[in-house]
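*Asks:*
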DNA sequence: ACCGGTCCCTGTTAGC
DNA sequence: TGCTAACAGGGACCGG
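Numbering (my numbering), first residue to last: 4 to 308.
Laid out in structure tokens, this is it:
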């Protein structure tokens with residue numbers, strides 16, 4: 004399931020394979036794939052044809068390609084979305100949603116999405132609310148984050164923890180104001196972006212924090228360990244090329260990542276904890292699962308669990 | 001304003 | 001064997 008590391012892997016692929024090229028034609032095969040483009044599929048295509056893709060930028064799980072028009076082609080992969088650079092002659096699978104053909108003879112860009120939670124849109128670039136003043140000019144070299152501009156539909160999420168725009172102290176303060184569990188906070192993209200269920204469990208395991216720990220009771224050292232765990236697991240996964248659970252996720256070339264072999268908590272129910280040997284437990288949580296080590300990540304006593 | 005819960009999707013798997 | 005139900009989950013949205 005694409006979270007920040009997988010999206011970053013895709014971004015790097017797009018940077019290499021489609022940036023600098025001019026769009027010749029766009030074909031939308033499934034209207035739901037462009038539902039976030041409110042003016043419809045025809046308008047979506049019209050804003051792309053003739054434009055040149057200028058860069059590949061990421062914040063959290065959002066990815067965008069700024070155009071020479073002041074807009075950007077924005078992508079969210081949802082659960083099962085893929086962006087594939089393939090030869091035009093490559094066979095179209097059953098879940099092909101959008102095709103972007105280029106003016107040159109290189110590969111076309113395909114958006115493929117089985118479960119259709121993902122989608123594409125063309126959106127205006129606006130000033131990044133997370134970057135202000137003179138710092139707005141900087142930040143162009145950071146991993147994944149291109150500039151002081153973000154697409155309109157991405158402006159509402161917080162910076163991700165690998166960006167220079169991410170403010171650790173502000174995050175700690177915001178966290179303590181919340182009245183919820185730490186895992187729910189990690190999944191809140193308006194607080195910290197890029198983390199999904201997999202890396203939330205992995206980061207909590209690394210920080211030795213139980214998923215239900217109340218955010219208001221986290222000590223500064225807990226937050227420091229949490230952010231360290233988050234950053235380390237994201238960096239490790241990017242280095243590994245992204246996690247893959249099944250055939251659903253592949254990177255821009257169609258190759259699967261392999262970070263799933265390195266998971267310490269997520270999906271590891273019953274397996275011994277790599278630190279202490281205690282079997283990893285699975286709890287039902289928010290209609291999904293939370294994996295943790297019951298010894299390394301003790302339940303908060305205050306909840307009576 | 002914040003919080004928890006629901007719904008959108010479809011392919012795979014578990015269970016009867 | 002063949003059906004149904006559960007499950008995976010990001011984010012928009014809604015009601016309290």
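Heads up, the beta-carbon is just placed ideally off N, CA and C, and yes, glycines get one too.
(1) Please state the DSSP three-state secondary structure of residue 22.
(2) Can you tell me which of the three DSSP states residue 116 falls into?
(3) Below 8 Å between beta carbons: does that hold for residue 48 and residue 22?
(4) What's the gap between the Cα of residue 273 and the Cα of residue 55?
(5) Considering residue 204, what are the terminal residues of the alpha helix (DSSP H) in which it resides?
(6) Hey, out of 285, 50, 15, whose CA is closest to residue 215's CA?
(7) Using three-state DSSP, classify residue 265 as helix, strand or coil.
(8) Report the three-state DSSP secondary structure of residue 9 (helix, strand or coil).
(9) Can you list, in chain order, the stretches of the beta strand (DSSP E) that have 3 or more residues and sit fully within the region 28 to 98?
(10) Is it a yes or a no for the region 76 to 91 touching the region 120 to 128, going by three-plus beta-carbon pairs under 8 Å?
(11) So what's residue 158 in DSSP terms, helix, strand or just coil?
(12) Can you give me the C-alpha to C-alpha distance between residue 98 and residue 223, rounded to a whole angstrom?
(13) If you draw a straight line from the alpha carbon of residue 102 to that of residue 199, how long is it in whole angstroms?
(14) I need the straight-line Cα distance from residue 87 to residue 112, nearest angstrom please.
(15) What residue range is occupied by the uninterrupted beta strand (DSSP E) comprising residue 131?
(16) With distance defined between alpha-carbon atoms, name the residue in 235, 190, 167 nearest to residue 178.
(17) Out of 69, 17, 211, 126, which has the shortest C-alpha to C-alpha gap to residue 42?
(18) For residue 286, which three-state DSSP category applies?
(19) So, helix, strand or coil for residue 231, using DSSP?
(20) On the premise that residue 197 lies in contact with residue 9, defined as a C-beta separation below 8 Å, what is that separation, rounded to the nearest angstrom?
(21) Check each candidate in 289, 301, 293 and name the one with the smallest Cα separation from residue 279.
(22) I'd like the list of long-range same chain contacts for residue 234, defined as Cβ closer than 8 Å, with 5 residues on each side in sequence excluded.
(23) I'd like the list of long-range same chain contacts for residue 158, defined as Cβ closer than 8 Å, with 5 residues on each side in sequence excluded.
(24) Can you tell me whether residue 12 is buried or exposed, with buried defined as 16 or more other CB within 10 angstroms of its CB?
(25) Using the Cβ count rule (16 or more neighbours within 10 Å means buried), how would you classify residue 73?
(26) For residue 29, which residues in the same chain have their Cβ closer than 8 Å to its Cβ, ignoring the five residues on either side in sequence?
(27) Would you decide whether residue 180 is buried or exposed? Buried here means 16 or more other CB atoms lie within 10 Å of its CB.
(28) In or out: residue 275 buried (at least 16 other Cβ within 10 Å) or exposed?
*Replies:* In this structure, then:
(1) Coil at residue 22, not helix or strand.
(2) Of the three classes helix, strand and coil, the one that applies to residue 116 here is strand, per DSSP.
(3) By the CB criterion at 8 Å, residue 48 and residue 22 fall outside the cutoff.
(4) Spanning the two alpha carbons is a distance of roughly 51 Å.
(5) Run containing residue 204: 200 to 210, per the alpha helix (DSSP H) assignment.
(6) Nearest to residue 215 by alpha-carbon distance, out of 285, 50, 15, is 285.
(7) Helix.
(8) Helix at residue 9.
(9) Fully enclosed beta strand (DSSP E) runs of 3 or longer: 60 to 62, 65 to 69, 74 to 79, 84 to 89.
(10) Three or more beta-carbon pairs drawn from the region 76 to 91 and the region 120 to 128 are found closer than 8 Å, and the two stretches are therefore classed as touching.
(11) DSSP places residue 158 in coil when its eight states are reduced to three.
(12) Answer to the nearest angstrom: the Cα atoms are 46 Å apart.
(13) Going by the C-alpha atoms only, they are around 27 Å apart.
(14) Spanning the two alpha carbons is a distance of roughly 6 Å.
(15) For residue 131, there is no enclosing beta strand (DSSP E), as DSSP gives it neither H nor E.
(16) Looking at the Cα atoms, 190 is the closest of the given residues.
(17) When only C-alpha atoms are compared, the closest one is 126.
(18) Looking at residue 286 - three-state DSSP - the assignment turns out to be strand.
(19) Reduced to three states, the DSSP call for residue 231 is helix.
(20) With a Cβ gap of about 10 Å, residue 9 and residue 197 do not count as contacting.
(21) Of 289, 301, 293, the residue nearest in Cα terms is 301.
(22) Within its own chain, the residues whose Cβ lies closer than 8 Å to the Cβ of residue 234, once the five positions on either side in sequence are excluded, are 164, 165, listed in chain order.
(23) Excluding sequence neighbours, residue 158 sits near 129, 131, 132.
(24) Classification for residue 12: buried.
(25) In summary, residue 73 is exposed, with fewer than 16 beta-carbon neighbours lying within 10 Å of its beta-carbon over all protein chains present.
(26) Residues of the same chain with a CB within less than 8 Å of the CB of residue 29, apart from the 5 flanking positions on each side, are 47, 48, 51, 52, 101, 102, 103, 104 in chain order.
(27) Burial call: exposed.
(28) Classification for residue 275: exposed.
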